[in-house]
Structure formats: structure tokens, C-alpha cells
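Protein chains in written order, with the numbering used here: chain A, 289 to 1039; chain B, 677 to 830. The beta carbon of each residue, even a glycine, is placed where N, CA and C say it ideally should be. To start, the structure itself, in C-alpha cells.
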């Protein structure tokens, strides 16, 4: 399977970020560029006269320095961190630059996403693991996967973007050196200018036309972190002022000349057909311009959003039945029936002899359940499309711009180079914008009125009904304890494959085991003598998608809660026994950190309890201690202590925000959120039925970010998986009740 | 029908009186700071002031507006932020930022009525405003910082 072609691909992939400058006027060096790099610099297509695109990430014109930040920003600060990585080496400050998401391009493929696609634990840095990770990178590149996800923006960009900044800087210096007959080594750079030995400042903008004629300097050395001006220090996010003054534009805010507004009614049974409809009432409503049948539903085009939504609601529709079980009992039954050898998907962890160890029975034998969950970002889905037979323009927030290009090309029958995706700021995603169904629907709608931009806005109800949710999952665990220690641990997890559901909608095959079925469970760095984790692939049920932390969002709960139950059965201390079993130094460090912060072991008030949990996900060890108290009004979350190790923290302010937000995200959904299906339709359609955590419930959260791990990692997702487990373990400590099913408010009240 | 928004008067004679204020602001007047999040007063992203009082603009019919409307754009600007916005910037509250216009308008109303709020006051005033990113700790921090700076100034 791993042949010479793959080896060569790896070499090319390694070379992709060694990108230099290019001539734009006259295109003299364009051929050279193409020859040198496997992907064309996408910035060249629209570059004005006298501008230079020094790498796919840096565009300089006479009046602006623009840094290209191709990873989507859905609130995680991706624009800022990508810009900062480039700016550090380019020697510009963040208030000197503009940013642009850039066009979709294979040049912006995600190198880091491959790391989680191969069956080696993130803690495994063996030669074999590293080699296979590198090879998985090759197909990722050839698919041109410009995807934002998997907490990869920082690890993917850490070298690549700094390198882009350094190449641009050295090429600008080489330009100045050539123009002034000096050696490049005699020049320096600061604040967006090349500085000559006599102190003369030549702004990058003034050098742009000449820089485009300069042979790129690609042999650059990245600065040592000790020399950093920006990275590793508190930064002000580029978007913080606009987001505090109502001036940040999101996809939903776009306004174009001649634009019309659309709303949709889709079959509430995800993916099922529209079999009939009556538009008599809707057609007569004020502002309605056109009513269009689209695959799976019907859309109204009107002169404003409200009129469109009202008219869409006035359409009576007949719907086909869901292609999956109508009610929850059958969904759970399908999972329950999947714990069979035929349905076994993986067993990457099988140490000792679990069968023999458990032949005499188990001290603990339990079942856990985790529900479907909507992503429900606060900005409802929207996409604006202008279709003409020659060209399609799409304005939307997306994590998958290249998939959009492909799908819109297919729907319209136009070539990909006639499809223009303009990526916009996103008001939250949590994985929702890894789907592009809104864009597909908007394209069908726009094709009914060529030439007019049409903005499709989902009502909250349509959004939540058609939120490809987090997977439903079930786990069965058992184990043995001896002499105060956990000695045998056997966990089986059943869920449908997220990867195959999600990639299936993009016509991309996902062969082999789905690692997400066991992510956050099989790969935990514990040494238990008899230790096994088995993944079972349940049949496809409701269509599902990646939800912040994906497989680990359910498996972190299963794996840690089973461990906690076994530790309790052994009569051991929950923190001490985890530390005793843990074989990974950074993981031990985060556990020790939360122990210290929480003053673990100290006496608590009557009715109060403390729970610890740990999960390694996306390569990041994260430990949490939750403190709760049982009050007259229910369980109250008082404090959370959290520690995580990402190897290197690029911006401590944003890091803190993402960790605390992730903890709140994990806790809030565990407390009171689920999506259930009745008659094939999601029963929860708005935030009255899907409340999440509110401010009055939010505990104080204390954080420690560690930087001991060897590799740099992202922090968007890893704080989520341990939170539900830490809460369940704390509630057990406070009340003696084990919660094995989320959401917990099915069993306890929260104050 | 006449609507006063951020100090400017807008004639809206041709509008259905039952159109929610939110949509009149966004789609008719082009004022995009107030956000659509739920349409049923469960998230607070659309919060504006009418006569200084925080209301959910998705629930107020434009024909029923009883006083001058202030949106986030009328509270302060990037060049001259209101002290609450300055506190939001200093604390770097926003992640996706989509709820923050509503959070800030709700906080402004709280501090106008209760210049020195306790944690319970903050809980009571702010818990109807949903933040899906989980910025609540910084919202609390920013409200306390804004209260201090406004009280110091007074």
C-alpha cells in the first residue's frame, strides 16, 4: 500500500511551504513559479499591477500589507493567530496589516489534520508512528483539504506561516539590497520596513513592485522563541474592537446591491424528500417574489428576511418518511445490537488478557449513554449566492471552502474556476460549518433568479432541525480491582461512524476503521495490566457530523467514568490512582496541577463533592476537577480547576478564553442538552428546549496552561471531553449517585 | 410611523406594524449590530434599548415601539467606545462575538439601574443572554470593571 509514489508525494508535501516570491507584471517568472511549486500561488489570479504576492500568505500593494489567513474563524481567534505567526517573522505589527481569508486553494491544505487519521496514539513518537503520520499527509495534500478542524490551525500553521513571513521578509531585503547595491545581510527589518545601514527606511509597500521581480529567498531560518516580539505574549485579538462595538460583519450581515432574501422549509426528517406542497397562502404574502422547489424542500425569495421566513412557514408541505428510525427507542436499540464481533470496527488497545482476567466476574459492569447534540452556534446558517451562467459568487462562513467549490460546480454544471467563494467571519460553529448544505440550497435558490444575489437565512427552527448532530453513542464497561488497585479494564463503544456520514455527503470514501469511534478512549496513556478498548460500528442512523471534539466528546465521558467507578470499587483515591496508572509525563503534570490547584483531599462542606477527570484528545492532555454542592434547588457547580498542555502557548489570553469556553461547552451540554427524534424529526427546535449553560450557572474556573509537551497543539477542542466526566464524578462524590447517561438533568436537578 | 434610532428619525410608513423591530432595524434600516439568534426571546442577541430599557427586539413589533431606540452602534464606536465597550475590549470578552452586542446592551441597562452590581445582580440581569462560546467568566469580569470605571468617573 505504501509504494514509491507515496514516498515521492511526501517529499513534495514537505516542500510546499518553501514558497518564494513571484513576478506579477508581465508574468515573466510565473513559469518559474509553477515549475517550483506543486500548487500555483492562488493570489496571482487577482493581483493588481505593482503588487507582489510574496507567498500564498503575503500580499503587498502600494497601500497595504495583507496577510492571508485561510483557516476559518468561527470565534476561536484563527485570523489573529494566523496573522501573528506570519507577522512575527515578517516584522510587522498587527495594527499595520489587513487580513483576508483568501480564495479557496489546494495551496492552503491542512497538514496537521492527517495526524489524527492514523492509529498511533498522540503520545507515541516512535519512528513508525511518525512515518505513518507523514504518509497520511500525502493523500491529505492531494485532496487539497483546506479544512478548518481538529484543533489544527496552530499546529498546521506554526512552521508554515512563520516560514511564509520569513520568506517574504528576506525577499524584501533582497530587493532592497539589489536596488541599493548592498548585501542582504547588511540590512534589517522592523515595523513593516527594510532598514538600510544608514538608517533609511524603505516601506514594504514601496518595495512591492520590485520585490515581485526578485528571486525568492527560501533558505531562511526561523527565529528562536526567545527572540519573539508577539508570539507567546498576551495579544489583543484583531477582531476584539469590532466585536465589542457591533461593527463586526458576519455572513448573515452581508448586503449587496439588488440582493433578495430567502428562507426555506426542509423536510424535518433529515435528508428525506418533499412529496407535495401548497403555496397558495404564501404566494399572496407581502414581499414574496418567487417560491422555488429545491431538493428536500421549498424556498421563498422575498424582499426581506422576515417576510421570507413568514411566507416559508405559511407553506403546507407533505414530507416523505425519514430514512432512519423514527423514534429514540430504535436508535438506542441499534446501538445496543452493535456490540457484536461482526460490528467490531477496531481494537487498537488490547493489553494483557482481559478475557482471562474477567473470567471470574467483574466488580464493575455498567452501561453509559450519550445523546445526539446540536452544534447550535448563535449565528444561524446562511449563505449568499449570485448565479449567472458564466460565474457564481458565494459569500458565506465555511470551514470547507474547497468542498463548496466542488459541490457548487456540480450543481450549476460550471467549471470550478468559475466558482468564487468569499469566506466571511462566522458567529460560532463547533463543527456546524464543516457542512455545506446551506450553500447547496442557496445555490439552487439563486439559480431560479440569475444575476440577483440571494441571501438564504435559516430560521433558528430550521437550523436546529437540520443540524447534523453529534453522534449518539453507547458504551459498555467492566473491570476488576485487586489490593486497592484497578487491574482490569474493558470498554466497548458503539456509535455510527461520524467520518463516513460526514465524508459520505462529500462523496469522499472513508475506508478502514473510524478512529473517532474510539478516540479519547483507546489512546489514553494508562498502564492497566489487562486493558482493552473495542470500537463497534453501529449502522447509520440520523446523519451526524463532527461536533467540538468529535469522538472524544462522548468517549472522554465513557473512558474516565468507568475508570472512576473502578477506582471507587478499589477503594483508592481518584487522583492518586490515576497518577499511579498514568505513563505519560505531561499527562501526569496536568493531573498533578489540578490536584494542587483544587487542594485535592482537603475536607469539603457537607453535601459538597469533588470529581477529577482526564482525557487526552487531539494530542493534548487535559485534566479537570469540578466541585459541586447539593442545594435545595439542585446541584450547584461552584468551581472548576483545569490544566492542559499544548506544548507552547501562542497567545495566553486567547488560550485562557478557549479553555474556559471549552469547559463551559462540555459542562452545559452534559447538564441539559440533547436532540431526540420523534417521527424522524428533531424534537428540539430552539433554545427554550436546548438551553445550554447560562451565566448564573457558570462556575468559577481556574486555569493552568503547561508547556512541557514536545509538540505544539491546538486548544479548541481538548477542554471539552473531560468536563462531563469530572461533573459526573463530582456529583457522585457529593450525592452517591452515579450518572451514566447524558444529559444529567434527566436524573438530577441543577441549581 | 416614525422610528428614532441612535438619534436619527426614520419614517417607516410603508411597513407592517407587526414586523419585529429586529428585522426593521436589520433589513429596512441596515443597522446590523442587533443579531438574530432565536426569534423567541431565548438568546438575547437582538437586545436593544427602548427609552434606555433593554428589550428583545425580536419580540417588539415595530408599531409598538414606545420611545427612542438605541442599538450597539449608538452606544459607542470603535473610535469612541462606551466605558462598557472599553471594558469588553480590555477583558477581550468576545470569541465568535455574535452574542456580544446583546450582552453589552443588557449590561449597559444593568449598570444604568444598578451602578454597583453584586454577583447576584449580574446573574439576574445577564442570564437571559446566551453565549454559546462560553465567555461568561469574562462577561462578569468586564461588567465589574465597567462599573468601577463608570463609578470612578462619576
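Just so you know, the alpha carbons of residue 1015 of chain A and residue 411 of chain A end up roughly 26 angstroms apart. Going by C-alpha positions, residue 749 of chain A is about 46 angstroms away from residue 340 of chain A.
Judged by their CB atoms, residue 945 of chain A and residue 980 of chain A are not nearer to each other than the 9 angstroms cut-off. Here residue 549 of chain A carries a strand assignment [DSSP, helix/strand/coil].
A contact between stretches requires three or more CB pairs, one per stretch, nearer than 8 angstroms, and the stretch 629-648 of chain A fails this requirement with the stretch 578-588 of chain A.
In the structure shown, the three-state DSSP call for residue 840 of chain A is helix. Within 7 angstroms of the CB of residue 976 of chain A, the CB atoms of chain B belong to 716, 718, in sequence order along the chain.
In the three-state reduction of the DSSP assignment, residue 948 of chain A falls in the helix class, which pools H, G and I. Burial state of residue 742 of chain B is exposed, judged by a 10 Å Cβ sphere holding fewer than 16 other Cβ atoms.
Taking the CA atoms as reference points, residue 965 of chain A sits about 21 angstroms from residue 563 of chain A.
Contact annotation: the stretch 732-742 of chain A does not touch the stretch 554-569 of chain A, with fewer than three C-beta pairs closer than 8 angstroms. Sequence-distant Cβ neighbours of residue 455 of chain A in its own chain, meaning closer than 7 angstroms and more than five residues away, are 307, 308, 342, 343, 504, 505, 506, 508. DSSP, reduced to helix, strand and coil, places residue 604 of chain A within a strand of the structure shown. Think of a sphere of 8 angstroms around the beta carbon of residue 537 of chain A: the chain B residues whose beta carbon falls inside it are 708, in chain order. In this structure the stretch 382-401 of chain A does not lie against the stretch 1018-1026 of chain A, because fewer than three pairs of beta carbons, one per stretch, are closer than 8 angstroms.
Of all alpha-carbon atoms in A/780, A/805, A/777, A/781, the one lying nearest the alpha-carbon of residue 789 of chain A is that of A/805. For the pair of segments examined, the stretch 523-537 of chain A was found to touch the stretch 749-758 of chain B: the number of CB pairs separated by less than 8 angstroms reaches three. In the DSSP assignment, residue 908 of chain A falls outside any alpha helix (DSSP H) and lies within the beta strand (DSSP E) extending over 908-919. Under DSSP, residue 779 of chain A takes part in a beta bridge, and its partners are A/765, A/821. Residues of the stretch 940-955 of chain A with a Cβ closer than 8 angstroms to any Cβ of chain B, in chain order: 941, 942, 945, 946, 948, 949, 950, 951, 952, 953. Closer than 9 angstroms to the CB of residue 983 of chain A there is at least one CB belonging to chain B. Segment contact: the stretch 722-729 of chain A against the stretch 572-580 of chain A, fewer than three CB-CB distances shorter than 8 angstroms; contact not assigned. Residue 829 of chain A and residue 1034 of chain A have their alpha carbons spaced roughly 23 angstroms apart. If you draw a 10 Å sphere on the C-beta of residue 643 of chain A, you find fewer than 16 other C-beta atoms in it, and that means exposed.
Apart from sequence neighbours up to five positions away, the residues of its chain that approach residue 461 of chain A with a beta-carbon distance below 7 angstroms are 472, 475, 477, 482, ordered along the chain.
Within chain A, the residues 982, 983, 984 have their CB atoms less than 7 angstroms from the CB of residue 803 of chain B, given in chain order.
Not flagged as an interface residue toward chain B: residue 630 of chain A, since no C-beta distance is shorter than 9 angstroms. In terms of Cα proximity to residue 452 of chain A, the closest of A/650, A/524, A/491, A/378 is A/378. According to the DSSP assignment, residue 928 of chain A belongs to the beta strand (DSSP E) that extends over 922-933. DSSP places residue 790 of chain B outside both helix and strand once states are collapsed to three, so it counts as coil. Residue pairing by DSSP places residue 743 of chain A opposite A/549, A/672 in a beta bridge. Setting aside the 5 residues that flank it on each side, residue 830 of chain B is surrounded in the same chain by 791, each with a C-beta closer than 8 angstroms to its C-beta; the list follows chain order. Among the CB atoms of chain B, none fall inside 9 angstroms of the CB of residue 618 of chain A. Shown here, residue 992 of chain A sits in a strand according to DSSP, grouped into three states. For residue 635 of chain A, the enclosing beta strand (DSSP E) has its first and last residue at 632-639. Here residue 477 of chain A is bridged, per DSSP, to A/482.
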